[in-house]
Amino acid sequence: PSPHITVPVFRVGLSLVVQARLNGSREAKLIVDTGADITILSNQVARDAGILPSSYISTVTLNTAGGPVRADMASLDAIAVGAAEVLHVPVALHDLPDTPAGVDGLLGLTFLDKFLVTLDAQKGELHLSRRE
């Protein structure tokens, strides 16, 4: 696989969003959020990707704009953004109230930390270089 991957990023309101593939099949629109420690998926998209309550591993407190909330944690087998794929990604399951319509969650550091990330908002490109 190429060490450097470029994927399109598009604006939804004030957010920058990428198309991701969860568990090899479920497409999802995720906000690129370098300030989010954990990747967060809506409950519906998590169900669609095959995450069932029986696979929850713990709970976590998320510090959201509306204050702290409890969320279930699970492990996603794979998240791919273009050709950039990370396996066994911890994700929190929570319906974020302020997420724009059509957006399925946040792509946080549980994915982004595996890469050197450059975001070119003007060109609409996310550059990912895998860390060694």
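Just so you know, our numbering puts the end of the sequence shown at 1107, numbered straight through with nothing missing. Ideal Cβ placement from N, Cα and C applies to all residues, glycine included.
Worksheet item: In terms of DSSP beta bridges, what is F1086 paired with?
Response: As a working note, residue 1086 is residue 111 in the sequence shown. Looking at the DSSP assignment, F1086 forms no beta bridge with any residue, so it has no partner.
Discussion item. Output needed for K1089: all residues of its chain with C-beta closer than 7 Å, excluding positions within five of it in sequence on either side, in chain order.
Written reply: The residue given as residue 1089 occupies position 114 in the sequence shown. Hits under 7 Å: V1061, R1105, R1106.
Worksheet item: If you compare alpha carbons, which of P978, R996, A1076, L1082 is closest to D1023?
Response: Residue 1023 sits at position 48 when you count from the first residue of the sequence shown. The shortest C-alpha separation from D1023 is found at R996.
Fill in: Residues bridged to L989 (per DSSP)
By one-based count along the sequence shown, residue 989 stands at place 14. For L989, which the question treats as bridged, DSSP gives no partner whatsoever.
Practice prompt. Find the nearest neighbour of D1012 within the set T981, V993, L1005, L1087, judged by alpha-carbon distance.
Written response: Taking the first residue of the sequence shown as position 1, residue 1012 is located at position 37. Taking only the C-alpha atoms, the option nearest D1012 is L1087.
Worksheet item: Using the C-alpha atoms, what's the distance from E1100 back to L1071?
Response: Along the sequence shown, one-based indexing puts residue 1071 at 96. Along the sequence shown, one-based indexing puts residue 1100 at 125. Distance between the alpha carbons of L1071 and E1100 is about 25 Å.
Worksheet item: Under a three-way DSSP split, which group does R1106 fall into?
Response: Along the sequence shown, one-based indexing puts residue 1106 at 131. Coil at R1106, not helix or strand.
Worksheet item: By how many angstroms is the C-alpha of S1000 removed from the C-alpha of V1020?
Response: Counted from its first residue, the sequence shown places residue 1020 at position 45. Counted from its first residue, the sequence shown places residue 1000 at position 25. If you take the alpha carbons of V1020 and S1000, they lie about 11 Å apart.
Discussion item. At the level of alpha carbons, what is the spacing between S1033 and M1048?
Written reply: By 1-based counting over the sequence shown, the position of residue 1033 is 58. By 1-based counting over the sequence shown, the position of residue 1048 is 73. Cα to Cα, S1033 sits roughly 5 Å from M1048.
Practice prompt. Check each candidate in D1079, A1059, H1069 and name the one with the smallest Cα separation from R1045.
Written response: For the purposes of this step, residue 1045 is identified with residue 70 of the sequence shown, where counting begins at 1. Out of D1079, A1059, H1069, H1069 has the C-alpha closest to the C-alpha of R1045.
Fill in: Every unbroken beta strand (DSSP E) within the region 1045-1070, with a cutoff of 3 residues, ordered by chain
1059-1068
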